[in-house]
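Inspection log for the structure reproduced underneath, given as structure tokens.
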Amino acid sequence: MPLNYSKWDSLELSDDSDIEGHPNVDKKSLIRWKQRDIHEKRDQRKQKIAHLEAQIACNNVLHPRIKDIARALADPNADIPPVKYWSNLVERLRKDPSKDCPPGNDPTKPEHTYDGMLLILFQKVTQDAKDKLKELNLQESEKEEKLGKQLAEEMATHVIQLGEMIEKDRRELQEEIAEQKKKITTEDMHDGFETHYTPPKPEPAPVPHSKALEDKKGKQKVTEFEVINPKGVETASTSQGPEEEDTELPEMTPALIEFSKIPSGDYEKSFHFIQQHREVYAPGASDALLVAAFQAQSQGKPKSAKKCINQSLLLQYCEKLGKDGVGVFFKKMMSGDKRAEKVFADDVEQTYKHLCERVRISKEEAALEAAGKEQIQLVAENPDTVITFNVPDGPPPEDLRLEGPGTEDLDIEEVRKALQYRWEVFEAFPQDLQEALKSNKLENVNRVLGDMEVPEAEAVVGALDEAGILNFAEGGIRDETGGASAAS
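Here's what the structure looks like:
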């Protein structure tokens, strides 16, 4: 099979053999002149093509308008006499011209606009028609009629001339484009195809869990709570089996906290958030949101609880739809499918009602189990240990800096997230608890905790510990319920 090399015919090679010059002029200078001449002609051709395209576009706008005016002047059945029609048209263009103009022209200059161009043409046509009438030596009564006919003839001539000019420019443009395509230049080069390999992102780690009661023999710090009524605690402890004691509760990460604040129904924002924070779509995330909803409802925050339920069910739906569940779910919800939106909204309402019932039952059970009022109090296990509170003054500053020994290996963004999370936890506390924490006195904090219900106080102490606000040296907090009871 013979090879076809015709595709290389348009390639302009830098062949020096066809360059013949004077013996007193060096070959390199001749080559440079030749190259410069090629590039100059190429640039001139590009400029000419651009000029022709602009001129054709402008004339295509003017030609129909001139044609309509010429037809109106030549119409014998027109309601307005030709001369009066012409005078009104010229007067309007002079006093109230439009600022429409070709691309690149200055609309503030009348001669650059379409109406300005027509006005210049009409003034020339008027002068030419009057000059021809002077040569005829007509009577005054015949001048107006002859002037109307002369204006119609002049405009008809310009219509023909402009049409011929457009056709001429089109032919010339085609010739220039054909000449331009004869040679291949760098501007004709483009990528045929391009491939990139992007390794898939690793699966996000499961949401961390915290045990309801840590093993005291372990190396980790043990956080326990003092209660005033020991019998209530004993009753609750005996009712729990060994499996319940080791129950792990999923924790809310900073990303999940931010995700839970997205308004219900804003599917587009939730979709973009999941795309940017893959750790939200991880095992245990929906459970963590349900736990947060329970805590929020227990603390009297129904709006926050409902948002957490909405986001939790949103993740559950995505998981149930399979591998591409996120895309499938959000595509359907963002497309405005009213039936799908109603099903999801009803599910959120039913789940929220069930949660409210569970919170109510939990509070009733807690009240029945307590012979007296249970209280959560913070007491240091070691008498020498002083409990203090790291109270944030506000959110982390924009220009956060880490100074001091041991800060070289810290990630400033992780530190910023931790400080932001500490501030959000502190800001969510009631005002009296915030004031007690700011005083940095344990008795003030215990006084506020004593006025709280046990589930609420437990949640507060857990939040203090998780956010790093609660600070103690070692040994944690011990349960002095028995001692307190004996003392009383």
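Letter 129 of the sequence shown, counting from 1, is numbered 129 in UniProt numbering, and no numbers are missing. Glycine included, C-beta positions come from ideal geometry on N, C-alpha and C. Being a predicted model, the structure only gives us computed values, none of them experimental.
Judged by DSSP secondary structure, Gln-375 falls outside any alpha helix (DSSP H); it is assigned neither H nor E. Ranked by Cα distance from Leu-314, the first of Thr-157, Ser-298, Val-348 is Val-348. Rounded to the nearest whole angstrom, the C-alpha separation of Gln-377 and Glu-435 is 17 Å. The C-alpha of Met-334 lies about 7 Å from the C-alpha of Glu-268. Note that the C-beta distance between Ala-293 and Leu-355 is below 9 Å. With a 10 Å radius around the Cβ and a threshold of 16 neighbouring Cβ atoms, Ile-309 comes out buried.
The region 326-345 makes no contact with the region 283-290, as fewer than three CB pairs between them are under 8 Å. If you compare the alpha carbons of Gln-55, Val-125, Glu-144, Gln-35 with that of Cys-101, the shortest gap goes to Gln-55. Contact annotation: Phe-273 and Ile-262 have beta-carbon atoms nearer than 9 Å. In the three-state DSSP reduction, Asn-446 falls in the helix class (H, G or I). Put simply, the backbone Cα of Gly-265 is about 10 Å away from that of Phe-344. Ile-66 has its alpha-carbon roughly 8 Å from the corresponding atom of His-158. In this structure, the CA atom of Thr-185 is about 31 Å from the CA atom of Met-165. Pairwise C-beta distances place the region 382-399 in contact with the region 426-444, as three or more of them are shorter than 8 Å. Pairing Ala-152 with Pro-82 gives a Cβ-Cβ distance under 9 Å. Following the DSSP letters along the chain, one finds Ala-129 inside the alpha helix (DSSP H) bounded by residues 114-136. Nearest to Val-415 by C-alpha distance, out of Pro-395, Leu-433, Leu-249, is Pro-395. Annotation for His-51: the continuous alpha helix (DSSP H) segment containing it runs 27-74. In this chain, the alpha helix (DSSP H) harbouring Val-328 covers 325-334. Between the alpha carbons of Glu-111 and Trp-86 lies a gap of roughly 20 Å. The Cβ-Cβ distance between Asn-59 and Leu-162 falls below 9 Å.
Residues of the same chain with a CB within less than 6 Å of the CB of Gln-295, apart from the 5 flanking positions on each side, are Ala-459 in chain order. Around the beta carbon of Leu-400, fewer than 16 other beta carbons sit within 10 angstroms, so the residue counts as exposed. Here Arg-358 is exposed: its Cβ has fewer than 16 other Cβ atoms, across all protein chains shown, within 10 Å. Here Thr-157 carries a helix assignment [DSSP, helix/strand/coil].
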